[in-house]
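Structure, as structure tokens:
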Amino acid sequence: MAEGWGQRGRPVSEATACPVLAVFAVSVGYWKDPYIQYFVRQAKERKAPEINRGYYARVQGVSYLLEAFLKKTECNCQIVNLGAGMDTLFWRLKDENLLPRKYFEVDFPMIVARKIHNIKSKPPLSKPIIETHSGDSLLIDSHSLDSSRYSIVGADLRFSSDLEEKLKKHKLDVHLPTVLVAECVLVYMTPQQSANLLKWAANTFPVAMFINYEQVNMADRFGQIMIENLQRRQCNLAGVEVCRSLESQKERLLLNGWENAHAIDMMKVYSFLPQADVKRIEELEFLDEKELFEQLMQHYCICWASKDSSNLGLADITF
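Numbering of the sequence shown is given in my numbering, commencing with residue 1320 and proceeding in unit increments.
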């Protein structure tokens, strides 16, 4: 797939690759998402079973930590989804009666414009936003949407002062417990840029959690092959240096103001997921390359960190 470069230093096709993978996995039955179809067309070609299982683990793993945070805060909190792309989490949380006080999404303005266009033109997407809105009229233009429960902001994540200004304009409350989610986002920034973003988040919110999903163990031979394959597609992982180990991932979080940090590879996450559901999804497709699946899963991880001045027990959140 040809890659084009977004202004944020992240390949434009990153915004389309993930939803295409997701819509295929959903169509096969790995998990339910009735909303992804409104953002991306069904993939024409089958995706490899190891890719589908990996995406399943990613969705379930991030959801597990997110729901643990929502439970600890009793949904009296905010979610800030960084580099959200075509993510459908807002609608799925509404269906599960797990909406926070406010849900924010941030991404490159071009991606935000496309998402807003889809929302405006698809009633199954716009209706839930209208239903949850109260107060003044709903604000919407080509690069931002602001309702009382859901906002989309076009911003460059490399510049935290601009990011904070735009979020506060959309009524971000820094005193409310806040969970920030970044999936395959930090790796496209330089280590200094991702450190600045993490530091900004740690310094801004007294009670917060940061969930990060991205590559790990990239210094070994398998990791180097992954990097070379991406480079051939003109995809530069500017932050891959921090992805050399689970320890380096944890260290980045701790060095930038977070009190507690954890990092585990996706094979470990997969082993912690409810085994009845894992058995169900393993019966969906035959997996021939089990060793390849394990290697792939050992080269992605979920990291999470917290700070908790209100003693909500955020440090206890784990798999």
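C-beta atoms are modelled at their ideal positions from N, C-alpha and C, and glycine is treated no differently.
- For the set R1552, N1400, H1436, the Cα lying nearest the Cα of F1423 is the one of N1400.
- Judged by DSSP secondary structure, E1578 falls outside any alpha helix (DSSP H); it is assigned neither H nor E.
- Here G1348 has I1600, L1603 as same chain residues with Cβ atoms under 8 Å from its own Cβ, once five neighbours each way along the sequence are excluded.
- In summary, K1626 is buried, with 16 or more beta-carbon neighbours lying within 10 Å of its beta-carbon over all protein chains present.
- DSSP, reduced to helix, strand and coil, places A1557 outside both helices and strands of the structure shown, so it counts as coil.
- In the three-state scheme derived from DSSP, where H, G and I count as helix and E and B as strand, Y1354 is classed as coil.
- The region 1528 to 1538 makes contact with the region 1556 to 1573: 3 or more CB pairs, one atom from each, lie closer than 8 Å.
- Q1614 has its alpha-carbon roughly 35 Å from the corresponding atom of L1418.
- With 16 or more other Cβ atoms from the protein chains shown falling within 10 Å of its own Cβ, I1530 counts as buried.
- In the assembly as shown, K1490 is an exposed residue. Its beta-carbon has fewer than 16 other beta-carbons within 10 Å.
- L1631 has its alpha-carbon roughly 20 Å from the corresponding atom of C1622.
- Of the candidates V1472, I1583, D1406, D1406 places its Cα closest to the Cα of E1502.
- Going by beta carbons, D1465 and L1458 fall inside the 7 Å limit.
- By the criterion of at least three beta-carbon pairs nearer than 8 Å, the region 1539 to 1550 is not in contact with the region 1513 to 1529.
- Boundaries of the beta strand (DSSP E) around T1497: 1497 to 1502.
- In the structure shown, F1427 adopts coil according to DSSP, grouped into three states.
- Under DSSP, Y1507 takes part in no beta bridge, so it has no partner.
- Per DSSP, I1636 is not a residue of any alpha helix (DSSP H), being assigned neither H nor E.
- Rounded to whole angstroms, K1609 and D1481 show a C-alpha spacing of 45 Å.
- With contacts defined by Cβ atoms closer than 7 Å, S1445 and I1435 do not form a contacting pair.
- By the Cβ-count criterion, G1454 is exposed, with fewer than 16 other Cβ atoms from all chains shown falling within 10 Å of its own Cβ.
- Taken in chain order, the unbroken stretches of beta strand (DSSP E) that lie wholly in the region 1420 to 1493 and span 3 residues or more are 1421 to 1426, 1458 to 1460, 1463 to 1465, 1469 to 1473.
- Just so you know, the alpha carbons of A1387 and I1636 end up roughly 7 Å apart.
- Assigned with DSSP and collapsed to three states, S1629 falls in coil, not helix or strand.
- The C-beta distance from C1396 to P1496 rounds to 4 Å, short enough to fall under 8 Å.
- Beta-bridge partners assigned by DSSP to Q1397: K1421, T1497.
- Around the beta carbon of K1485, 16 or more other beta carbons sit within 10 angstroms, so the residue counts as buried.
- Going by DSSP, N1531 is part of the beta strand (DSSP E) stretching over 1526 to 1534.
- DSSP places T1392 inside the alpha helix (DSSP H), whose first and last residues are 1368 to 1392.
- Checking the DSSP bridge columns, you'll see C1620 partnered with E1533, D1584.
- For the pair A1580 and A1520, the CB atoms are not nearer than the 7 Å cut-off.
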